[in-house]
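Note that the protein sequences, when read in sequence, are chains A and B.
Using the numbering used here, the letters of the first sequence map in sequence onto residues 1 to 241.
Using the numbering used here, the letters of the second sequence map in sequence onto residues 1 to 241.
The block underneath contains the structure these notes are about, expressed in structure tokens.
Protein chains: 2
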Amino acid sequence: MAARTHPPGSDSSSVQDYVKTIYSLSEWRTEPVTSSRLAARLSVANSSVSEMIRKLAELGLVAHKPYRPVELTAEGRRLALAMVRRHRLLETFLVQDLGYRWDEVHDEAEVLEHTVSDTFIDRLDARLGFPSADPHGDPIPTPEGAITLPDARPLDSFDDGHAGRVTRISDEDPQLLRFLAAEDIGLGSVVTVLARIPFGGPLQTRIDTGAGPRDFSFGDELARSIWVESVGEHAGCSLVP
Amino acid sequence: MAARTHPPGSDSSSVQDYVKTIYSLSEWRTEPVTSSRLAARLSVANSSVSEMIRKLAELGLVAHKPYRPVELTAEGRRLALAMVRRHRLLETFLVQDLGYRWDEVHDEAEVLEHTVSDTFIDRLDARLGFPSADPHGDPIPTPEGAITLPDARPLDSFDDGHAGRVTRISDEDPQLLRFLAAEDIGLGSVVTVLARIPFGGPLQTRIDTGAGPRDFSFGDELARSIWVESVGEHAGCSLVP
DNA sequence: CGGTAAATTTAGGTATGCCGAAATTCTGGA
DNA sequence: TCCAGAATTTCGGCATACCTAAATTTACCG
Ligand SMILES: [Mn+2]
Ligand SMILES: [Mn+2]
Ligand SMILES: [Mn+2]
Ligand SMILES: [Mn+2]
């Protein structure tokens with residue numbers, strides 16, 4: 001019964017989380033990764049991030065000039081993708097094999113990703129049939145660290161008349177996921193934008209989840225969390241009498 | 001992505017391991033649990049154990065007078081059994097569902113036991129069909145903390161002529177488990193003691209693993225690691241011409 | 001009934017990773 | 001160009017859990 005918290009030589013779970021978060025913050029949107037964005041995402045003080053960034057730089061995982069945004073090195077990216085792979089395979093396992101709901105898996109995977117062995121991950125991968133995306137539509141990197149992002153855009157960037165299939169939903173907020181599930185909106189749902197109400201107003205859409213189309217209005221946060229793959233530009237007007 | 005290593009209010013994984021180890025050291029043999037036995041089992045300095053024991057006492061998990069052995073309180077025993085349940089269910093899962101060998105599961109369970117949620121454990125339990133023992137024959141406590149030890153004794157306590165069925169094998173040493181597997185000795189094997197050679201000599205037995213009986217000599221360490229349930233006292237002599 | 005060897009605890013120190021407050025640097029108007 | 005406010009880093013501290021070396025206590029043996 002080993003008491004040692006983490007094997008020396010390997011990266012601590014904090015290091016793993018920071019590197020993974022740096023990757024995640026720039027996976028779907030390409031804004032620079034600043035200390036404060038990291039601090040917010042990690043629920044940690046800014047000063048803690050500064051200190052950790054110095055350490056990550058010493059470890060060769062990030063490139064950083066003081067007061068500037070941080071960027072992963074090739075090695076950092078490799079570690080990040082390994083962690084992302086772990087996280088997403090674990091989420092898939094929890095849904096597929098243990099019957100978790102898609103809003104329950106993120107937090108559990110967040111801690112498991114640091115403690116399961118490579119062997120565990122490989123066995124999981126095989127048992128799940130080498131899935132290519134997790135329950136939220138996030139692509140799962142290969143063991144070699146290759147990843148292919150679907151050609152999707154956030155719903156809030158769509159104009160009137162555009163239609164698309166939901167490809168990915170951010171799993172950051174469980175409440176949001178629960179809400180969508182209750183509304184029967186999920187991966188594969190087809191959304192057609194009818195109208196954008198300006199000044200933060202809702203995005204009015206027609207939505208088809210398979211059980212017939214209906215209208216739905218997306219608020220700001222919702223529209224920013226949902227990523228949609230284009231299925232061509234129907235004349236949105238034809239649906240609006 | 002929470003960076004926090006362990007949620008405040010709950011017990012740290014060190015606390016969990018110490019308490020579980022205190023329980024384990026007295027589960028099968030009833031020698032008093034001393035600092036040095038704990039230190040050896042946890043691969044930690046004696047002084048570290050002293051410090052942690054003080055902390056465990058403050059937490060109400062152990063009763064302890066300085067320079068004396070330590071004992072679990074009712075609350076400590078509850079925590080210990082919860083950890084033991086987690087550990088053994090995880091081991092069972094790794095063997096049953098992920099195809100691990102019985103010598104590979106201990107170390108992985110040792111770290112997972114601290115990170116999976118109660119929900120995870122409950123789902124595992126159901127999915128495994130509420131198993132009553134782990135791959136090494138160690139009984140799995142109920143969610144309420146009830147545990148029933150089989151009426152078994154270590155092989156090294158058997159006299160000539162006694163016969164028994166292997167019920168439990170200590171999972172501390174993976175090499176020992178691999179050796180036994182290679183020799184096709186496992187849970188359920190029936191062992192009849194033919195002779196005890198004194199002064200640390202081997203324990204000579206006839207063993208039946210289902211594929212016909214054969215002779216086998218157990219060394220010291222082996223005989224101390226194997227626990228056997230009596231199946232009556234055959235005239236051992238009848239087997240020895 | 002000492003007196004010593006073994007077991008245990010205490011003392012002093014290290015490494016992580018976190019925090020709040022204070023100092024520093026950057027940046028976008030005026 | 002300058003400068004205030006924002007972002008970032010530095011500083012001093014805290015908590016956990018470990019270690020080695022130096023006390024301290026216990027237990028056994030003569
Ligand atoms: Mn994590
Ligand atoms: Mn996900
Ligand atoms: Mn453990
Ligand atoms: Mn076991």
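We put the CB at the ideal spot given by N, CA and C, even for glycine.
Chain B contact for VAL62(A) (CB, 8 Å cutoff): no
Where does the unbroken beta strand (DSSP E) through SER36(A) begin, and where does it stop? Premise fails: SER36(A) lies in the alpha helix (DSSP H), 35-42, not in any beta strand (DSSP E).
From ARG77(A) to VAL19(A), what does the alpha carbon distance come to, in whole angstroms? 8 Å
Listed from N- to C-terminal order along the chain, which residues in the segment 112-139 of chain B have their beta-carbon within a distance smaller than 8 Å of any beta-carbon of chain A? LEU112, HIS114, THR115, VAL116, SER117, THR119, PHE120, ARG123, LEU124, ARG127
Inter-residue CB distance, THR73(B) and ARG41(B) (contact presumed, cutoff 8 Å): Their Cβ separation, rounded to whole angstroms, is 20 Å, which puts THR73(B) and ARG41(B) out of contact at 8 Å.
Which bits of chain B does GLU108(A) rub up against, with CB to CB less than 7 Å? SER117, PHE120
GLY99(B) touches chain A at which residues, Cβ-Cβ below 7 Å? ARG123
Pick out every residue whose C-beta is nearer than 5 Å to a heavy atom of ligand 1: which are they, in chain order? ASP17(A), GLU110(A)
With a threshold of 7 Å, establish whether the CB of GLU104(B) neighbours any heavy atom of ligand 3. no
Under a three-way DSSP split, which group does SER225(B) fall into? helix
Closest to GLN16(B) by C-alpha separation, out of VAL44(B), SER36(B), ARG37(B), ALA82(B), would be which residue? ALA82(B)
Let me check you understand the geometry: is the CB of HIS114(A) closer than 7 Å to at least one non-hydrogen atom of ligand 3? no
Excluding the 5 residues flanking VAL70(A) on each side, which residues of the same chain have their C-beta closer than 7 Å to its C-beta? ILE22, VAL33, ILE53, VAL62, HIS64
Under the criterion of a Cβ to heavy atom distance below 7 Å, does GLU91(B) qualify as lining ligand 4? yes
Environment of TYR67(B) [buried if 16+ CB atoms lie within 10 Å]: exposed
Express the C-alpha separation of PRO198(B) and GLY137(B) in angstroms, rounding to a whole number. 29 Å
So which of PHE93(A), SER13(A), ASP220(A) has the shortest CA-CA distance to PHE120(B)? PHE93(A)
Tell me the rounded alpha-carbon separation between THR192(B) and THR148(B). 25 Å
Look at ASP125(A) and ARG88(A) and say whether their C-beta atoms are less than 8 Å apart. no
For the beta strand (DSSP E) containing SER217(B), list its first residue and its last residue. 213-218
Under the DSSP definition of a beta bridge, which residues are partnered with LEU203(B)? ARG196(B), PHE218(B)
Shortest alpha-carbon distance to GLU144(B) belongs to which of ASP118(B), GLY164(B), GLY129(B), GLU91(B)? ASP118(B)
Using only CA atoms, which one of ARG29(A), HIS114(A), LEU90(A), GLY164(A) lies nearest to SER10(A)? HIS114(A)
C-beta atoms of LEU155(A) and VAL228(A) nearer than 8 Å: yes
Residue-chain proximity (ALA3(B), chain A), Cβ-Cβ < 8 Å: Bear in mind that a pLDDT of 47 at ALA3(B), under 50, signals an unreliable position, so the model cannot answer this.
From the DSSP output, which residues share a beta bridge with ASP208(B)? VAL190(B), PRO213(B)
For ARG123(A) and ASP208(A), what's the separation of their Cα atoms in angstroms? 36 Å
Tell whether a beta-carbon distance below 8 Å holds between LEU56(B) and ARG37(B). no
Please give the ranges of any beta strand (DSSP E) in the segment 132-171 of chain A, keeping only runs that are unbroken, at least 3 residues long and fully inside the region. 152-154, 163-169
Is the beta carbon of LEU176(B) less than 8 Å from the beta carbon of SER230(B)? no
DSSP-derived helix/strand/coil call for GLU71(A): strand
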